[in-house]
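See structure below.
Following this line, the structure appears as structure tokens:
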């Protein structure tokens, strides 16, 4: 079987992660930022899976399951915060949430 | 032997009394405060009486009786035990201190009856007794120093007892700070003592001193340093200035602390340290010189004072001078004897003066008194007896002790004619100013407004102590009476083991005051009648009578004379009235420069500039750094996100060895 080399997966993972970071920093909409975080998590998952396959070990897969579970919990909490925010501010713009300072 | 093994009980009783009254007494009635205060001291007195009974059964080899309770400090070879010691000298001091304290406590219930802070007064007084007993019972120099400083503290607290009165506070501070100068010398002396002898324990130090391995120069320095402490505590030249001001305190305090007990601590210390002093002739001479000069000097100031308590204060300074003169010429027993009789008659004089002040509703100026003889007879008679005693009229306590001191100064082994002469003139002056006090206060016509001041005799609680002390002022000196007939002086003989144990050459040291015994041994045929006649017509008696007569002439016969004399000797009179301007000289030479230096250099430059500057500078750096750093906390979530990314990138770079590459 002509396997795809691991470097392909890793490059893809790095590109996805980079996109996530950029979106995380530059986007104003809280839902978009949220999606950026999910993107980064999944980019990391991809890297884990690739390594697990390359070295025939289960550790990476176990990690991925954990990340998926945490990401699900995070999505629940995060979306709840987004809803609460919208109810209070009538907006999802992160820049309007700036009371906690100095 | 219960008390001998449990000497600490004597200390614990007044301490417990002080703690009870001080911590709980605020809400107690006066009766309870009285019973705690007087009860603890009378129990302590009874314990001392029991101690004397047990002590009498000890064999000579068991004295000094030392009991070690626990080790207080150990550091290398330095070791201080909480150990107490009893010998004949301690017994005399214990009896005097507890008995006079007891009388003063009883007297105070009458005198302080209308004062605020009644419980506080008794608490301090008990605390004082505790520290004084510690001082007397201590078996090493450091523990003695604890008592020494403790009585100083109580003195401070009691002088400033009326702490709402500015003058009382200043007097308290003055007393504390002035004695501190002497105590500095005392502390250095203790250190030097330990350095030289390798121990602070009396027995070890004395034994080593008796070996004669320590040089005279070293001993002289140690003795002079220790004596500096005595100068401060016992108000001798040049540190006597605090004692007259200490009269701001309540009169019972003046009687107990500033006449009978605390101020004599210096004399006790010199007598206790006699094995060192006896081996340092120069130090001995300094002690005698300071004593004689003070005796004379303070007496001259006493001549013109008008405040009844101030006269007694200068008189106390003068009498303390006699005690040091006695110790300085090697007659330690005579010095201690005078300490004891002085405690009786001077305590009595102060208590009687308090009774006069009480009767006059607070008036202390003798010019506003007069003719009180018939109004307050008990006070008059007791005070008159005390005056006879202090003046040295034969038959009264002061005669015996003062005579012994002057005898030793005039003809003992360390005799010095000029010191003897100073003491003699001082004795004449003493007689004069004391009878002046009596004549001004009790004789002549009343000079107060009889309609305003209702003169009344003091209550029984005050007059009974007066009468007891009057009894002692007469008979307290009779232990020495057989000496006049060329026989044994019982007081001297009682203390003899203490002062003979480490004498330079056994026998010589005490030869001065055991003149009777020496006379017999020397082959001079002692004729009792001649001896008695000689003593009764000796110079001290003659000058005392002259003083009496002059006072009588000046203040009874020709009351206009003092004023005329003051006019004709204007300069001298003003000098004396202003106490030789010593307070002013000290203010100009020491206090004002010190105050200037403290204000302008230590306060404004060092404190405000350097210390405050450093502390405030550190605070300002922190505050301004914080001002800058808080800008990071912008509230903008995206900037936080950026920081997270920067941090993550930086950390990753570090992990990948980026740092190594850059380097």
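Protein chains in written order, with this note's numbering: chain F, 28 to 129; chain C, 37 to 699.
We treat Cβ as the ideally placed atom computed from N, Cα and C, and that holds for glycine.
Please read all numbers here as calculations on a predicted model, not as lab measurements.
Check whether residue 94 (chain C) and residue 169 (chain C) have beta carbons under 8 Å apart: Here the question's residue 94 (chain C) lines up with position 58 in the second chain. Here the question's residue 169 (chain C) lines up with position 133 in the second chain. Not in contact: residue 94 (chain C) and residue 169 (chain C) (Cβ atoms no closer than 8 Å).
Mapping DSSP to helix, strand and coil, what is residue 467 (chain C)? As a working note, residue 467 (chain C) is residue 431 in the second chain. Residue 467 (chain C) falls in the helix class under three-state DSSP.
Using the three-state DSSP reduction, which class does residue 559 (chain C) fall into: helix, strand or coil? As a working note, residue 559 (chain C) is residue 523 in the second chain. Residue placement at residue 559 (chain C) cannot be trusted, given a pLDDT of 39 that sits under 50; the coordinates are not used to answer.
Between which two residues does the alpha helix (DSSP H) carrying residue 30 (chain F) extend? Indexing the first chain from 1 puts residue 30 (chain F) at position 3. Per DSSP, residue 30 (chain F) belongs to no alpha helix (DSSP H) and is neither H nor E.
Apart from the five residues just before and just after residue 50 (chain F), which ones in its own chain have a Cβ nearer than 8 Å to its Cβ? By 1-based counting over the first chain, the position of residue 50 (chain F) is 23. The answer, listed in chain order, is 59, 60, 62, 63 and 66.
Below-8 Å beta-carbon distance, residue 122 (chain F) vs any chain C residue: The residue given as residue 122 (chain F) occupies position 95 in the first chain. Yes, because at least one Cβ of chain C sits closer than 8 Å to the Cβ of residue 122 (chain F).
Any beta carbon of chain F sitting closer than 8 Å to that of residue 628 (chain C)? Residue mapping note: residue 628 (chain C) aligns to position 592 of the second chain, counting from 1. No - not a single Cβ of chain F is within 8 Å of the one on residue 628 (chain C).
Note down the Cα distance separating residue 366 (chain C) from residue 340 (chain C), rounded to an integer number of angstroms. On the second chain, position 330 is the one that residue 366 (chain C) refers to. On the second chain, position 304 is the one that residue 340 (chain C) refers to. Roughly 33 Å separates the two Cα atoms.
If you draw a straight line from the alpha carbon of residue 79 (chain C) to that of residue 89 (chain C), how long is it in whole angstroms? Here residue 79 (chain C) refers to the residue found at position 43 when the second chain is read from its first residue. Here residue 89 (chain C) refers to the residue found at position 53 when the second chain is read from its first residue. In a straight line, the C-alpha of residue 79 (chain C) is about 15 Å away from that of residue 89 (chain C).
According to DSSP, is residue 119 (chain C) helix, strand or coil? Your numbering for residue 119 (chain C) matches position 83 in the second chain. Three-state result, residue 119 (chain C): strand.
Look at the alpha carbon of residue 386 (chain C) and the alpha carbon of residue 641 (chain C), and state the distance between them as a whole number of angstroms. Indexing the second chain from 1 puts residue 386 (chain C) at position 350. Indexing the second chain from 1 puts residue 641 (chain C) at position 605. Taking the straight line from one Cα to the other gives about 47 Å.
Can you give me the C-alpha to C-alpha distance between residue 231 (chain C) and residue 166 (chain C), rounded to a whole angstrom? Translated into the one-based positions of the second chain, residue 231 (chain C) becomes position 195. Translated into the one-based positions of the second chain, residue 166 (chain C) becomes position 130. Whole-angstrom Cα-Cα distance: 29 Å.
What are the residues of the stretch 654 to 680 of chain C that lie near chain F, defined by any Cβ-Cβ distance shorter than 7 Å? 666, 669, 670, 671, 672, 673, 674, 677 and 678
Between the CA atoms of residue 103 (chain C) and residue 327 (chain C) - distance to the nearest angstrom: If you number the second chain from 1, residue 327 (chain C) lands on position 291. If you number the second chain from 1, residue 103 (chain C) lands on position 67. If you take the alpha carbons of residue 327 (chain C) and residue 103 (chain C), they lie about 34 Å apart.
8 Å is my cut-off, CB to CB: does residue 37 (chain F) come that close to chain C? Taking the first chain and counting its residues from 1, the one referred to as residue 37 (chain F) is at position 10. Answer no: the Cβ-Cβ gap between residue 37 (chain F) and chain C never drops below 8 Å.
Touching by the beta-carbon criterion (3+ pairs, under 8 Å), the stretch 302 to 319 of chain C and the stretch 147 to 156 of chain C: no
Below-8 Å beta-carbon distance, residue 52 (chain F) vs any chain C residue: Counted from its first residue, the first chain places residue 52 (chain F) at position 25. Yes, contact with chain C.
Best match in C:373, C:476 and C:485 for proximity to residue 26 (chain C) [C-alpha to C-alpha]: Limits of chain C in this structure are 37 at one end and 699 at the other, which puts residue 26 (chain C) out of reach.
If we define contact as Cβ-Cβ less than 8 Å, is residue 48 (chain F) a contact residue for chain C? Within the first chain, residue 48 (chain F) is the residue found at index 21, counting from 1. Taking Cβ atoms only, chain C reaches closer than 8 Å to residue 48 (chain F), which makes this a yes.
Can you check whether the CB of residue 444 (chain C) is closer than 8 Å to the CB of residue 434 (chain C)? Numbered from its first residue, the second chain carries residue 434 (chain C) at position 398. Numbered from its first residue, the second chain carries residue 444 (chain C) at position 408. Cβ distance not < 8 Å, so residue 434 (chain C) and residue 444 (chain C) don't count as in contact.
Entirely enclosed beta strand (DSSP E) segments - the stretch 29 to 80 of chain F, minimum 3 residues: none
Taking only three categories from DSSP, how would you classify residue 55 (chain C)? Within the second chain, the letter at position 19 stands for residue 55 (chain C). DSSP places residue 55 (chain C) in helix when its eight states are reduced to three.
Residue 3 (chain F) touches chain C at which residues, Cβ-Cβ below 9 Å? Outside the shown range of chain F, which is 28 to 129, sits residue 3 (chain F), and nothing can be said about it.
Neighbourhood of residue 244 (chain C) by C-beta, 6 Å cutoff - its chain only, sequence neighbours within 5 removed: To locate residue 244 (chain C), count along the second chain from 1; it is residue 208. Cβ within range, chain order: 233.
Using a threshold of 8 Å, state whether the C-beta atoms of residue 268 (chain C) and residue 260 (chain C) are closer than that. The residue given as residue 268 (chain C) occupies position 232 in the second chain. The residue given as residue 260 (chain C) occupies position 224 in the second chain. Result no, Cβ atoms of residue 268 (chain C) and residue 260 (chain C) do not sit closer than 8 Å.
Are residue 50 (chain C) and residue 144 (chain C) touching if we call contact CB-CB under 8 Å? Within the second chain, residue 50 (chain C) is the residue found at index 14, counting from 1. Within the second chain, residue 144 (chain C) is the residue found at index 108, counting from 1. No; because the gap between Cβ atoms is not below 8 Å, this pair is not in contact.
Nearest-angstrom Cα distance between residue 404 (chain C) and residue 345 (chain C)? For the purposes of this step, residue 404 (chain C) is taken as the residue at position 368 of the second chain. For the purposes of this step, residue 345 (chain C) is taken as the residue at position 309 of the second chain. So the two alpha carbons sit approximately 14 Å from each other.
According to the neighbour-count rule (16 or more other Cβ atoms, all chains shown, within 10 Å of its Cβ), is residue 438 (chain C) buried or exposed? Position 402 of the second chain holds residue 438 (chain C). That one is buried.
Quick check on the DSSP output: what are the complete alpha helix (DSSP H) runs of length 4 or more inside the stretch 189 to 238 of chain C, in order along the chain? 202 to 233
Hey, could you find the ends of the alpha helix (DSSP H) residue 418 (chain C) is sitting in? Taking the second chain and counting its residues from 1, the one referred to as residue 418 (chain C) is at position 382. Residue 418 (chain C) -> alpha helix (DSSP H) spans 413 to 427.
Return the CA-CA distance between residue 33 (chain F) and residue 77 (chain F), expressed in angstroms with no decimal places. Residue mapping note: residue 33 (chain F) aligns to position 6 of the first chain, counting from 1. Residue mapping note: residue 77 (chain F) aligns to position 50 of the first chain, counting from 1. Residue 33 (chain F) and residue 77 (chain F): Cα-Cα distance of roughly 6 Å.
Using a threshold of 8 Å, state whether the C-beta atoms of residue 356 (chain C) and residue 422 (chain C) are closer than that. On the second chain, position 320 is the one that residue 356 (chain C) refers to. On the second chain, position 386 is the one that residue 422 (chain C) refers to. Cβ distance not < 8 Å, so residue 356 (chain C) and residue 422 (chain C) don't count as in contact.
9 Å Cβ cut-off: residues of chain C touching residue 68 (chain F): Position 41 of the first chain, counted from the first residue, corresponds to residue 68 (chain F). Ordered by position in chain C, no residue passes the 9 Å Cβ test against residue 68 (chain F), which lies about 14 Å from the chain.
Rounded Cβ spacing between residue 472 (chain C) and residue 591 (chain C) (contact assumed at less than 8 Å): Along the second chain, one-based indexing puts residue 472 (chain C) at 436. Along the second chain, one-based indexing puts residue 591 (chain C) at 555. The Cβ separation is near 6 Å, so the contact holds.
Report the rounded CA-to-CA distance for residue 217 (chain C) versus residue 265 (chain C), giving the unit in angstroms. Here residue 217 (chain C) refers to the residue found at position 181 of the second chain. Here residue 265 (chain C) refers to the residue found at position 229 of the second chain. Residue 217 (chain C) and residue 265 (chain C): Cα-Cα distance of roughly 8 Å.
Is the beta carbon of residue 44 (chain C) closer than 8 Å to that of residue 105 (chain C)? Locating residue 105 (chain C) in the second chain gives position 69, counting from the first residue. Locating residue 44 (chain C) in the second chain gives position 8, counting from the first residue. For residue 105 (chain C) and residue 44 (chain C), yes; Cβs fall inside 8 Å.
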